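Presented below is the structure to which this report refers.
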Amino acid sequence: MDKKLVKQAVEGYLQKTGYGQMSLNAAMFDMDGVLFDSMKNHAKSWHQTMAHFGLDLPEWEAYMHEGRTGAGTINIVSMRERGHEATEEEIERIYRYKSDLFNQCPKAERMLGAYELLVKVKASGVVPMVVTGSGQKTLLERLNRNFPNIFQEELMVTAFDVKYGKPNPEPYLMGMEKFNKVFTSAQVSPNNFIVVENAPLGVQAGVAAGVFTIAVNTGPLPDDALLSQGANLLFHSMQEFCDEWQIVFSYLA
Numbered sequence: 002m003d004k005k006l007v008k009q010a011v012e013g014y015l016q017k018t019g020y021g022q023m024s025l026n027a028a029m030f031d032m033d034g035v036l037f038d039s040m041k042n043h044a045k046s047w048h049q050t051m052a053h054f055g056l057d058l059p060e061w062e063a064y065m066h067e068g069r070t071g072a073g074t075i076n077i078v079s080m081r082e083r084g085h086e087a088t089e090e091e092i093e094r095i096y097r098y099k100s101d102l103f104n105q106c107p108k109a110e111r112m113l114g115a116y117e118l119l120v121k122v123k124a125s126g127v128v129p130m131v132v133t134g135s136g137q138k139t140l141l142e143r144l145n146r147n148f149p150n151i152f153q154e155e156l157m158v159t160a161f162d163v164k165y166g167k168p169n170p171e172p173y174l175m176g177m178e179k180f181n182k183v184f185t186s187a188q189v190s191p192n193n194f195i196v197v198e199n200a201p202l203g204v205q206a207g208v209a210a211g212v213f214t215i216a217v218n219t220g221p222l223p224d225d226a227l228l229s230q231g232a233n234l235l236f237h238s239m240q241e242f243c244d245e246w247q248i249v250f251s252y253l254a
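What follows is the structure in structure tokens.
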């Protein structure tokens, strides 16, 4: 990536937010589609589930709803196609069906370049964190198995920590709050963090939290779907971001 683009992105963020400089302490990573190549399984499961219940949700559209609650996604489709929201019973039945399909999919592999990037991030003195809408009970075990010695449980935000999902900024605000609790001597603000996201709703959440937000377009959406939501920088893979980390870090630090 051109150094000039990185410099312009950082200067634009600072001008917009009013911070004097960046001073990076932590990087908050989304999980599905960023750390794990799992979004194609979610998209396929959503598409097949909606078809089973007589509704239509194309696989590409599932990427637009990534980060939204299951009930929220179901109601958007229900309103569009039936003119009314789904009942609680319908939501439970549809989401259970979707979850069963997803659990039958092959296990998602680690995103290419993700572990190598996290190693570089940590070696730079930046704390890696996970901020995900997932509520998997085996989440920490899975992360530790795929990304050994990278993440700390007390620096993870999951579905159990928040009331509102993305695009609400609460997940990333909670991430900053957890960082403050662990590093009690640090006086941090949004310019001490970055967000790494692959979905439009996630980008919205990061931007709304006031954090420099890096989009990694690992799905089928056009780049503008992420840039139009306020992403400060965009890469087309985690490997590309990994390869350019030192350039990006030199302007963020």
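Just so we're aligned: the sequence shown equals residues 2 to 254 in our numbering.
A virtual CB, placed ideally from N, CA and C, is assigned to each residue, including glycine.
All of these numbers come straight from a predicted model, not from anything done at the bench.
Nearest Cα to Q16 within the set F152, D38, P168, N233: N233. Here F250 has S125 as same chain residues with Cβ atoms under 6 Å from its own Cβ, once five neighbours each way along the sequence are excluded. Beta-bridge analysis with DSSP links V132 to V158. Inside the segment 74 to 115, DSSP marks whole alpha helix (DSSP H) runs of 4 or more residues at positions 89 to 105, from first to last along the chain. Annotated three-state conformation of L58 is coil, per DSSP. The straight-line gap separating the alpha-carbon atoms of H43 and R81 is approximately 21 Å. Per DSSP, F180 has no beta bridge partner at all. Three or more pairs of CB atoms, one per stretch, sit closer than 8 Å, so the segment 95 to 113 contacts the segment 39 to 54. In the same chain as R143, and ignoring 5 residues on each side of it, no C-beta atom comes closer than 6 Å to its own. The Cβ atoms of L58 and V78 lie closer than 8 Å to each other. When the beta-carbon positions are compared, M157 and M130 come within less than 8 Å of each other. D31 is classed as buried because its beta carbon has at least 16 other beta carbons within 10 Å across all chains shown. Secondary structure of V196 (DSSP, three-state): strand.
Runs of the beta strand (DSSP E) spanning 3 or more residues and lying entirely within the segment 214 to 241 occur at 234 to 236, in chain order.
Shown here, A27 sits in a strand according to DSSP, grouped into three states.
The residues P201, in chain order, have a CB closer than 6 Å to that of A226 in the same chain once the five nearest residues on each side in sequence are set aside.
Distance from the CA atom of W47 to the CA atom of Q22, rounded to whole angstroms, is 42 Å.
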